[in-house]
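All residue numbers for the sequence shown refer to my numbering, where the first residue is 586 and numbers rise by one.
Don't be surprised by glycine CBs; every beta carbon is placed ideally from N, CA and C.
If you're wondering where the values come from, they're calculated on a predicted model, not measured in any experiment.
The structure appears below as structure tokens.
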Amino acid sequence: RYLCPCPHCGTFQEIAWERVKYPKKGTAKPKEFERVEDATWAATLAETDKNKRAALVETHRLGWYECAKCAGVVLDHQRQRMLLKGYWGTSDGEYKLFFDGTEEGSLPPGSEVAAHYPAMLDLAAKHKFYRMVAEWIRCEGDVQRTQGFYNSWLAEAFKIQTRKVEPNAIRDKREGAPAPRIIPKWARLLIATADVQGAGGRRA
């Protein structure tokens, strides 16, 4: 993962998508956006059409990054300096590869190294914070487009919870069920499976 220092407090961190901010309910206008009229900010918050809201965000460049440590506002023009001082690092902190090519520590065992490269690390014009936010807003309610955003822009796996089963729903299904180890007469095939996910590879 690529970690870089906050221009305000110097704390090294990933530029994580969940810390990319924009006008939405409960978000106060930062002082760095004094150039934006209060009416424009309010209109963006109030707009219910996602395409119009995205257009407002893009037109007025209403996107920024919030430091995970000091909550300082990082604007697009500060991101380049932030990235130039960063490094690629392993999760255990034992290896660091800096932007200038210098290294610290040693790589973990193995012949391959994977690097996570989301759009927040790219200085292309289309990947400015406010343009990413606008695209994110346009994805609202569209599962396929949201998946594309996660995969292509964030370089992350997309997960969606299609149904949530409450514990009492499983308990309720026991009512009226046959006794344990009794195969119903209508059954034509019995399948034994093993759930290898989770601690210890519990059997199902």
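- For residue 635, the enclosing alpha helix (DSSP H) starts and ends at 635–644.
- Of the residues 693, 667 and 688, the one whose Cα lies closest to the Cα of residue 677 is 693.
- For residue 680 against residue 642, the beta-carbon gap comes to about 38 Å, at or over 8 Å, which does not count as contact.
- Assignment of residue 771 by DSSP, reduced to helix, strand and coil, places it in the coil class.
- In this structure, DSSP gives residue 743 a state outside helix and strand, which the three-state scheme calls coil.
- Taking 8 Å as the upper bound for CB-CB distance, residue 682 and residue 600 are not in contact here, some 17 Å apart.
- For residue 588, the enclosing beta strand (DSSP E) begins and ends at 587–590.
- Look at residue 651 here: in three-state DSSP terms it is strand.
- Membership of residue 668 in the alpha helix (DSSP H) is indicated by the continuous run 661–669.
- Secondary structure of residue 684 (DSSP, three-state): coil.
- Under the three-state reduction of DSSP output, residue 698 falls in the coil class, being neither helix nor strand.
- In the three-state reduction of the DSSP assignment, residue 672 falls in the strand class.
- Judged by DSSP in its simplified three-state form, residue 606 adopts strand.
- Three or more beta-carbon pairs separated by less than 8 Å are not found between the segment 590–597 and the segment 697–715, which leaves the two stretches without contact.
- For the pair of segments examined, the segment 622–639 was found not to touch the segment 648–665: the number of CB pairs separated by less than 8 Å stays below three.
- In the displayed model, residue 658 falls within a strand according to three-state DSSP.
- Note that the C-beta distance between residue 638 and residue 768 is not below 8 Å.
- The DSSP-derived three-state label of residue 726 is coil.
- Across the set 727, 725 and 656, the C-alpha of 656 shows the shortest separation from the C-alpha of residue 616.
- Nearest in C-alpha terms to residue 745, of all of 726, 759, 686 and 761, is 726.
- In the structure shown, residue 764 adopts coil according to DSSP, grouped into three states.
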